[in-house]
Structure formats: C-alpha cells, structure tokens
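Report on the following structure.
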Amino acid sequence: MGKNKLKQQLKRQQRDVFPSTSTSSFTAATENSRSKKKQKTEKSTGQTETEVEIDTLSFDDAFSAGLAFEQLESYDGALAALQQAVKCQPTHVGALTHLADVYSAAGQSDEALKCYVQASELGDGKNDASVWFRLGLAHAALDQQLKATKAYRTSMKITATALESSKADEDIEELKKAYNVTLAALAEAFGELGDLDAAVAVFEDAAAKFPDNANMHYNLANMRMARSGSSGDRTLDKQVVRSLERAIELSPDTREFIEDLAGYLEQHNQQPDRVRELKTKAEELQKSESDEQNNEEDSEEEEENEDESDQ
1 MGKNKLKQQL KRQQRDVFPS TSTSSFTAAT ENSRSKKKQK TEKSTGQTET EVEIDTLSFD
61 DAFSAGLAFE QLESYDGALA ALQQAVKCQP THVGALTHLA DVYSAAGQSD EALKCYVQAS
121 ELGDGKNDAS VWFRLGLAHA ALDQQLKATK AYRTSMKITA TALESSKADE DIEELKKAYN
181 VTLAALAEAF GELGDLDAAV AVFEDAAAKF PDNANMHYNL ANMRMARSGS SGDRTLDKQV
241 VRSLERAIEL SPDTREFIED LAGYLEQHNQ QPDRVRELKT KAEELQKSES DEQNNEEDSE
301 EEEENEDESD Q
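Each residue of the sequence shown is one higher than the one before, counting from 1 in UniProt numbering.
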C-alpha cells in the first residue's frame, strides 16, 4: 500500500508544482520529417488564412507558436516550432526545456533526455532547479534511476539555497512545494533501485528539515509501510502511526491522512475504538466534500440558466 500511495502523492504534487512538466506518456502520430516542417498558422486577415512554413519563422514567432501548440497538446506542431526556435537560439534554456517537455509528452524519452542535458549544461540551466528536476524525470523514464537521484539532489540543493535567501512568503511557499516534490521523486527513485532504507532516510531528513509540512510526515509513513511490506515485516511500526498522527495534526481535514491511519491501525488490530472514530471523521469529511461539490455544480447550473435567460 505504501509505495503505491507515495506514487499517487508524487504525481498529484508534480501537477501542482510543475504544471508544464509531462509526467505521463502520450501517443503522438509520427509523420515524416518533411511534413513536420510545415504547420498552418492562422493570421487574422478578415476571411483569409495564411500558411506559414515553420522553418521560416524567427525565434520569437517560433517559440510563441511552439508554446501555443504545446498547450493544445498538438505535439507535431509543437515539436516543429520549438525545433525551429532552438535552431535559431541553441542556448535558450526555455526553448530547450519546452522542446524536451514535448518530446517527453510525445513518448520520445531519448530525445527529451538529450535536450534536458543540454539545458542543464548552460549557464542559466545550471542553476535552474526545475531543469534538474525534469532531467531526473527523464532519466527515471529510461530506468536510469541512479542518474535520476543525482539530478534530483542537484535540484534540491538549488532550491534549498533559494529558500535561504527568499523573503517573500509566496516565494517561500512555492519553493517548499518544489522541494517537497523533488524529494518525493528522489525517494521513489531509491525505491525503484530497491534501496528502501535510503528512501526512508530521505523522508526522515525531510521531516526533520520541514517539521510543519504534513506531506513530509505522510510520505515518510507511506515509505516506511512500503519498506515493511517489501521485507514481509507485518508488525506494527509505531513510527508509521506517529508520522500519520503528525500529518493529521498539521492538516486535520485531509481525509486521506485519516483514512490511512484508520486502515493501518485496523490492519494490525489496534485501537478499535479509535479506528471507529477515525472512520466516522473520514465519512463526515467525504460528505462535506460531496456537499461542496454539489453546491458548486448547482451554482454553475444556475449561472448557465441565467446566461440562457439573458439571451
């Protein structure tokens, strides 16, 4: 249970913190290289459309077109445009990383890795935590877990340095989120290498470094559960209980934390009265979430009806 839970947590956090990073594979139709060089771009000239060859675009136009195609998940167009942007400015970190993101989304992991490596070697890229995080993901996608751990550690080091010098609360919050996600990725890489002791140690250090972060304690609990499950140890791990309790203390309305503590105690036939209380609390939170969702849907429906009546 623990390892799968950790992976779900990691993917959710990646979406929140690194929205432009592709963490899942997509299938893109492969066309010949000549057809990739041409894409239609529409210019507002009344009723007319102008077809522009991508390889004639300037850097700014190609980069803008690539970002637009990427947002639309039109990977052929995005690849062609971003390739042109990189051709115009081979040392532009943003163009290289977006090109790598699209390669990753299109399932071309080898090409993605090449671009991330290039970006990480450039002046701006060397000190960009997100570039190193993406590089780690690219190595992991190719099952190069040891190299992934090195990239993740570099990303964390850069982020930790930025945290020390940041003053604005908003910046600090975002940096902490990025650090947490990279930490989870590092632990997962150690898990894939079969070194669950190292993975547990990663989160123990993190929980000590960020004692007020609920996700750190929750992920530590799940990694300890994964280690116990892997070794066949079915005894109650008191540290798992303490970590889940701390996570709940810090975030009392996170249903997943409560459900996991109830499930773990029940699995080990511990504290039945408390298990019932936890389950009741989880059910109340679930009902509250459902009511909130229904209210939002009702509000949206009312707004739609008002719009229709206005027309």
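Using N, Cα and C, we set each Cβ at its ideal position, and we do this for glycine too.
Note that the coordinates shown come from a computational prediction; the quantities given were computed from them, not determined experimentally.
Roughly how many angstroms separate the alpha carbons of residue i and residue j, rounded to a whole number?
i: T159; j: S130; result: 9 angstroms
i: T154; j: E296; result: 42 angstroms
i: V240; j: R227; result: 11 angstroms
i: K281; j: E292; result: 16 angstroms
i: N294; j: L244; result: 30 angstroms
i: G66; j: Q84; result: 9 angstroms
i: T182; j: D60; result: 31 angstroms
i: T56; j: S120; result: 28 angstroms
i: Y264; j: E302; result: 43 angstroms
i: V117; j: S165; result: 27 angstroms
i: T91; j: F63; result: 13 angstroms
i: H268; j: K279; result: 16 angstroms
i: E70; j: T97; result: 12 angstroms
i: K167; j: K209; result: 18 angstroms
i: E173; j: C88; result: 36 angstroms
i: K287; j: P272; result: 23 angstroms
i: Q145; j: R234; result: 28 angstroms
i: E277; j: K238; result: 19 angstroms
i: E192; j: F257; result: 24 angstroms
i: K177; j: G125; result: 20 angstroms
i: E259; j: D253; result: 11 angstroms
i: E300; j: Y103; result: 37 angstroms
i: Q39; j: W132; result: Since pLDDT at Q39 reaches only 45, below the 50 mark, its modelled position is unreliable, and the value read off the structure follows with that caveat. Distance between the alpha carbons of Q39 and W132 is about 31 angstroms.
i: E51; j: A151; result: Because the pLDDT of E51 is 47, which lies under 50, any placement of that residue in the model is unreliable, and the question is left without a value.
i: L175; j: D205; result: 17 angstroms
i: A207; j: G107; result: 35 angstroms
i: S290; j: A262; result: 21 angstroms
i: S74; j: L236; result: 50 angstroms
Residue j and residue i - do their beta-carbons sit closer together than 8 angstroms?
i: A199; j: M223; result: yes
i: residue 317; j: V93; result: The requested residue 317 is not part of the displayed model; the chain covers only 1 to 311.
i: A105; j: C115; result: no
i: N219; j: A187; result: yes
i: L163; j: L142; result: no
i: L82; j: A95; result: yes
i: A221; j: A189; result: no
i: residue 313; j: L285; result: Absent from the structure is residue 313, since the part of the chain shown begins at 1 and ends at 311.
i: A138; j: S109; result: yes
i: L196; j: S230; result: yes
i: E283; j: V275; result: no
Where does residue i sit, in a helix, a strand or coil, going by DSSP?
i: N269; result: coil
i: T91; result: coil
i: F63; result: helix
i: L250; result: helix
i: G232; result: coil
i: D237; result: coil
i: G46; result: Residue placement at G46 cannot be trusted, given a pLDDT of 37 that sits under 50; what the coordinates show is reported in the next sentence. The answer is coil: DSSP assigns G46 none of H, G, I, E or B.
i: K142; result: In the sequence under discussion, the amino acid at residue 142 is Leu, which differs from the Lys named in the question. If DSSP states are grouped into helix, strand and coil, L142 belongs with coil.
i: Q108; result: coil
i: E170; result: helix
i: G194; result: coil
i: N180; result: helix
i: E188; result: helix
i: S243; result: helix
i: L285; result: helix
i: N222; result: helix
i: S130; result: helix
i: D212; result: coil
i: L72; result: coil
i: S58; result: coil
i: L137; result: helix
i: L261; result: helix
i: L122; result: coil
i: A28; result: Residue confidence is low: A28 scores 32 on pLDDT, short of 50, so the model does not pin down where it sits. Its coordinate-derived value is still stated next. A28 falls in the coil class under three-state DSSP.
i: N295; result: helix
Is residue i near the ligand NAD, going by C-beta to nearest heavy atom under 7 angstroms?
i: K126; result: Of the ligands one can find in the structure shown there are none, so the ligand NAD has no counterpart to examine.
Are three or more beta carbon pairs between the stretch 247 to 263 and the stretch 206 to 214 nearer than 8 angstroms? Because the criterion of three Cβ pairs below 8 angstroms is met, the stretch 247 to 263 and the stretch 206 to 214 touch.
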